[in-house]
Structures are given as structure tokens and as C-alpha cells.
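Q:
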Amino acid sequence: MEKHRKYIIAGNWKLNKTAGESVELSESVVKEVGDQSNVEVVLCPPFTSLDAVSTALEDSPVKLGAQNMHPSASGAYTGEISAEMLRYFYATYVILGHSERRKQFQESDAFINEKVLAAFANNLKPILCVGETLEQREADQTLEVVDTQIRGGLVNLPEKDAETLVIAYEPVWAIGTGKTATPEMAQEVHASIRNILTDLFGDEVAQKVRIQYGGSMNPGNAKELLFQPDIDGGLIGGAALDAKSFAEIVNAARALEEE
Ligand code: PGA
């Protein structure tokens, strides 16, 4: 299939796995996924596992990501972690603005924007999460919500950084619920996200940005979602905690890449 963007499949482990368990899971993923380069694979373990997982991934093409960070370089922010601290363990990506953080930790678009800029300033690529709640979808506000989150999260982002950005569209009602957006529903939002990016950065940049779908993606629905023209990967929660399921999703992307 003709898609000029490389698929990116990332596992968001959330609050799961001790460092020891994380090494086991990473090693299984590396074994299951194998030595391939046509799909980008990223693991995002908890902070306490970054060091160990970084070592476990050393000789593999699988990349390391974090689940969050603070925008400041240092200071009186008890319990927080900076971009530089993540880079020390060779993290390539960082998930920012996940709906769980927006909801449970009241993260605003302005705060997430500070993180996006700080990530780029430290050579970390953000995976910026956006998505509507069930209430918002039912009130027909999906596109408006996503528009606000994207524009708010990307204020002052230079064009040269924008092209390496990853966006994850994650309808909140689909996260961890087993309910998935239909491929058509997801594609509609992904296409409008790309239009917003075109408006902000021009068509050339917008065509390079990868937009992942997230929310109960699993081996059973991955292929039809990834087949959509503007779906360039997945941000996987539950199914990423099982190496075989996660690898099956990677293989679905790989199969489409080779078609
Ligand atoms: P899920 O989580 O795959 O378990 O729905 C996705 C996410 O929250 O990133």
C-alpha cells in the first residue's frame, strides 16, 4: 500500500510493571517483533523502568519512550522528571497530554504546550495525545475539541520541529473500554487533524506528521484501522502488556507496509 509515512506502533504501559518485569516484557517484545526496520516500534514503560529497559533495548531497533515529563529543566517540583533526565536513558519519544493526565492531573493545553516545546528543545519527540470524551462526541463537539487541543498544544512550535511530531488521536471513551472507534470514525478525525496541521504548518509538513490511533486497539482491529489513509500507527495500552498481542499489531502494520 502506498503510504509515505512510516508506521509507528507505541506501547503505553501506564502504571504497570516493576523494573524487573519491564525487562522481561521488553525482551519478549524484541524477540516477537524481530529485527525489522519498516515499522517504528516504541516502548513507554514507567519512569522507574527506563534505565533497565534502555539497556534491554540496546541492540534492537525498538525505541524507548516515556509517559510524561515536566517542562522545567530543574527546580522545586517534587516528584517530577525533566526532559534531560529522560534523554540520559536515550529515550527518543515522550507521551504528552494523555487524557488520563488531562483528567486526573488537570493538565491544560497551555501546560502541555510548555512540555512540547521543552521536549523538542531536548531532542525528545513528543507523542501529543488528543481526543474527545463520550459526552463531547454525543454533543457533536469532537472536531472542535481536537482542534482546540492541537492548536493549544502546538503554540510557537517551529515548522522544522513539527514534521517529526507524532499525534495520537485517542477518543477517551475508547480507552481501556474495549470500545473502538470504527475505522471510518477514526479516519474522519485523523483527516481533520491533518487539515489543522496544514493550516498551522503547511501541506508539506502536515503530510509528514504521523497520526496514531489509540483506544482499545488490538490484534483483531489493528489492520482495518491502520489501513485508513490518515492512520499512521497506534498507541497501545492494554494490548501492549502482552508481547504476543503487541507484536501482532506491529505485524499488521508491517503487512500493510509490504502490500
Ligand atoms: P488502551 O489504552 O489501548 O488500553 O485503550 C490506550 C492509551 O490509553 O494510550
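Residues in the sequence shown are numbered consecutively from 0, following numbering that gives the first Met the number 0. Ideal Cβ placement from N, Cα and C applies to all residues, glycine included.
Would you mind stating whether Lys102 and Val144 have Cβ atoms separated by less than 9 Å?
A: In the sequence shown, the residue the question calls residue 102 occupies position 103. In the sequence shown, the residue the question calls residue 144 occupies position 145. No, the pair does not count as a contact, with Cβ atoms beyond the cut-off.
Q: Residue ranges of each alpha helix (DSSP H) run of no fewer than 4 residues wholly in the region 63–136, ordered along the chain?
A: Here the runs fully enclosed are 82–87, 98–103, 108–120.
Q: Taking Cβ to Cβ, would you say Val41 is nearer than 9 Å to Leu24?
A: Position 42 of the sequence shown, counting from 1, holds the residue named residue 41. Position 25 of the sequence shown, counting from 1, holds the residue named residue 24. Cβ atoms of Val41 and Leu24: not closer than 9 Å.
Q: Among all the DSSP beta bridges, which residues are the ones paired with Val32?
A: Reading the sequence shown from its first residue, position 33 is the one you call residue 32. In the DSSP output, where bridge partners are listed per residue, Val32 has none listed.
Q: Have a look at Met0 and Gln227 and give me their C-alpha separation to the nearest angstrom.
A: Counting from 1 along the sequence shown, the entry for residue 0 is found at position 1. Counting from 1 along the sequence shown, the entry for residue 227 is found at position 228. Bear in mind that the predicted position of Met0 carries a pLDDT of just 47, short of 50, making it unreliable; the figure below should be weighed with that in mind. Cα-Cα distance, rounded: 11 Å.
Q: Say the cut is 8 Å; is the CB of Gly96 nearer than that to a heavy atom of the ligand PGA?
A: Looking up residue 96 in the sequence shown gives position 97. The answer is no for Gly96.
Q: Mapping the DSSP letters down to three states, classify Gln140 as helix, strand or coil.
A: Reading the sequence shown from its first residue, position 141 is the one you call residue 140. Coil at Gln140, not helix or strand.
Q: Leaving out five residues before and five after Val249 in sequence, what residues of the same chain have Cβ atoms less than 6 Å from its Cβ?
A: The residue you call residue 249 lines up with position 250 of the sequence shown. Counting only Cβ-Cβ distances below 6 Å, and skipping sequence neighbours, we find Ile8, Val32, Val38, Val40.
Q: Drop a sphere of 10 angstroms on the beta-carbon of His189, count the other beta-carbons inside from all chains shown, and report buried for 16 or more, exposed for fewer.
A: As a position in the sequence shown, residue 189 is number 190, starting the count at 1. Buried.
Q: Do Leu255 and Ala167 have their beta-carbon atoms positioned less than 9 Å apart in this structure?
A: Taking the first residue of the sequence shown as position 1, residue 167 is located at position 168. Taking the first residue of the sequence shown as position 1, residue 255 is located at position 256. No, they are not a contact pair.
Q: Between the C-alpha atoms of Gly152 and Ala72, what's the straight-line distance to the nearest angstrom?
A: Within the sequence shown, the letter at position 153 stands for residue 152. Within the sequence shown, the letter at position 73 stands for residue 72. Rounded to whole angstroms, Gly152 to Ala72 spans 19 Å at the Cα level.
Q: For a minimum of 3 consecutive residues, which ranges assigned as the beta strand (DSSP E) are wholly contained in the region 178–215?
A: Counting whole runs of 3 or more residues, the region 178–215 contains the beta strand (DSSP E) stretches 209–213.
Q: Following a CB-centred definition, is Thr176 positioned closer than 8 Å to any heavy atom of the ligand PGA?
A: As a working note, residue 176 is residue 177 in the sequence shown. Checking the Cβ of Thr176 against the ligand PGA gives yes.
Q: Taking 8 Å as the cut-off, does the region 69–84 touch the region 124–140 (at least 3 CB pairs, one atom from each stretch)?
A: Judged by Cβ distances under 8 Å, the region 124–140 makes no contact with the region 69–84, as fewer than three pairs qualify.
Q: Heavy atom of the ligand PGA less than 8 Å from the Cβ of Glu247, yes or no?
A: Against the sequence shown, residue 247 aligns to sequence position 248. No.
Q: Can you list, in chain order, the residues of its chain with a C-beta nearer than 6 Å to that of Ser191? Leave out the 5 residues immediately preceding and following it.
A: Within the sequence shown, numbered from 1, the residue matching residue 191 stands at position 192. For Ser191, where only same-chain residues beyond five positions count, the Cβ hits under 6 Å are Leu142.
Q: With C-beta atoms as the reference, is Ile149 less than 9 Å away from Leu199?
A: Taking the first residue of the sequence shown as 1, we reach residue 149 at position 150. Taking the first residue of the sequence shown as 1, we reach residue 199 at position 200. Contact flag set, yes.
Q: Compute the minimum distance between the beta carbon of Asn194 and the heavy atoms of the ligand PGA, and state whether it is under 8 Å.
A: Start at 1 with the first residue of the sequence shown, and residue 194 comes out as number 195. No; taking the cut-off as 8 Å, the Cβ of Asn194 has no heavy atom of the ligand PGA nearer than that.
Q: List the whole-angstrom C-beta distance separating Pro44 from Ser21, where the pair is believed to meet the contact cut-off of C-beta under 8 Å.
A: What you label residue 44 is simply residue 45 of the sequence shown in a count that begins at 1. What you label residue 21 is simply residue 22 of the sequence shown in a count that begins at 1. 5 Å between Cβ atoms; contact.
Q: Are Ala65 and Glu26 close, meaning C-beta to C-beta below 9 Å?
A: By 1-based counting over the sequence shown, the position of residue 65 is 66. By 1-based counting over the sequence shown, the position of residue 26 is 27. No, these two residues do not count as a Cβ contact at 9 Å.
Q: Identify every run of the beta strand (DSSP E) within the region 146–170, keeping only runs that are complete inside it and at least 3 residues long; order them along the chain.
A: Qualifying beta strand (DSSP E) stretches, in chain order: 165–168.
Q: Using the three-state DSSP reduction, which class does Gly175 fall into: helix, strand or coil?
A: For this step, residue 175 is matched to residue 176 along the sequence shown. Residue state, collapsed to three classes: coil.
Q: Does DSSP classify Val38 as helix, strand or coil?
A: Along the sequence shown, one-based indexing puts residue 38 at 39. Strand, per DSSP.
Q: If you drop the 5 nearest sequence neighbours on each side, which residues of the same chain put their C-beta closer than 7 Å to that of Val52?
A: Here the question's residue 52 lines up with position 53 in the sequence shown. Excluding residues within five positions, the ones whose Cβ falls inside 7 Å are Ser21, Val22, Ser25, Leu42, Pro44, Leu63.
Q: Do Tyr6 and Arg193 have their beta-carbon atoms positioned less than 9 Å apart in this structure?
A: Locating residue 193 in the sequence shown gives position 194, counting from the first residue. Locating residue 6 in the sequence shown gives position 7, counting from the first residue. No; because the gap between Cβ atoms is not below 9 Å, this pair is not in contact.
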